[in-house]
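Comments concern the structure below.
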Amino acid sequence: MPFLAAVRFLTILPVGKRHLSEGELAASQGFFPLVGLLLGLALAGVDAGLSGIWPGGLSNAFLIAFLLVLTGASHMEGFLDTCDGLLGGHTREERLQIMRHGQVGAFAVAGGISLMLLKWGALLSLPQPARFPILVLFPALSRWSMVLALRAFPYARREGLGSVFQRGSTWPRTGIAAGIAFVAAVLLGGMGGAVLFIMVSLLAWLLGIAMSRLLGGLSGDTYGAINEISEVIALAGAVALAPLGLINTLPQLLGV
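See below:
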């Protein structure tokens, strides 16, 4: 089942088959945003549980750590490798070689710290009334960004796990992912959610163009990097839009 394959691939949850075929992995990408919604619901549940125990700063740090653990830090690893490769290499071959080795260098450390600080700051700045819908939504939008990148750009290597998804990327699978992400964005975020969907999609496109020029295409690491950066943009965008009344609040979602 493609959805269970997506859960298995994107999280540490032991559901579905342990060993997935290339066809099952490729088909799962259409349900990446749905897995993101489940991750978001888990975050919102943990956030509700911590709200009466810890102050906001510590709760937000725990949420970031919780998401890293739940996803096996796989996207973060790709982001770190991408930072080292794109900033540390001078040619396409050097960049791809650095990313393949996966050793953590100065650019990865600086990039990782910056990314975590931006996520923490965005979560801390997120207005409380819009907190629930955005916590549920932002992981779905970021996982949609990976599906978009898979469809829009070629693969930089001849081998690699990411090539399985890129070869299996089709318009119907991309359409399913886009539909799930857009409907979730509108239902959860209202007009602001639609704006966030457009922002994340545009960001994924621009990042894909920039990375493809440096690497000759994308790779598994860059997909993870696009996901991580999209999470920051979705959260930061929500912080900007919420005070304007463009993001649904929890009472609005409940019809109160």
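For what it's worth, the numbering used here labels the leading residue of the sequence shown as -18, then goes sequentially.
C-beta atoms are modelled at their ideal positions from N, C-alpha and C, and glycine is treated no differently.
Values in this document were obtained by computation on a predicted structure and should not be read as measured data.
Proximity below 9 Å, CB of residue i to CB of residue j
i    : j    : result
L177 : L118 : yes
L61  : G93  : yes
T72  : M192 : no
N208 : G171 : no
I45  : W101 : yes
A185 : L105 : no
F12  : I161 : yes
L169 : L222 : no
M57  : G189 : no
V220 : A103 : yes
L183 : F134 : no
V85  : D65  : yes
P110 : P232 : yes
Assumed close pair residue i, residue j - CB separation to whole angstroms, cut-off 8 Å
i    : j      : result
S9   : A(-14) : 4 Å
L67  : L195   : 6 Å
G173 : L227   : 3 Å
S144 : R132   : With a Cβ gap of about 14 Å, S144 and R132 do not count as contacting.
G201 : G53    : No, G201 and G53 are not in contact; Cβ-Cβ is about 14 Å, not under 8 Å.
F146 : L6     : 6 Å
P14  : A158   : 5 Å
L116 : G21    : 6 Å
Neighbour-count burial assignment, residue i, 16 or more Cβ in a 10 Å radius
i     : result
K(-2) : exposed
H0    : exposed
I(-7) : exposed
P(-5) : exposed
V315  : This structure cannot speak to residue 315, because the chain is shown only from -18 to 237.
Residue interval of the alpha helix (DSSP H) (run including residue i)
i    : result
Y204 : 201 to 222
R112 : 112 to 133
V50  : 37 to 51
G156 : 152 to 196
L98  : 87 to 106
H82  : 73 to 82
T63  : 55 to 69
L1   : Counting along the chain, L1 falls outside any alpha helix (DSSP H), and DSSP gives it neither H nor E.
Sequence-distant residues of the same chain with beta carbon closer than 6 Å to residue i, five excluded per side
i    : result
G241 : Lying before the first or after the last residue shown, residue 241 is absent from the chain, which here runs from -18 to 237.
L142 : G201
Same chain, Cβ closer than 8 Å to residue i, five either side skipped, listed in chain order
i   : result
F43 : V27, L31, W35
Contacting residues, own chain, Cβ-Cβ under 7 Å from residue i (five flanking each side not counted)
i    : result
G197 : R73, A137
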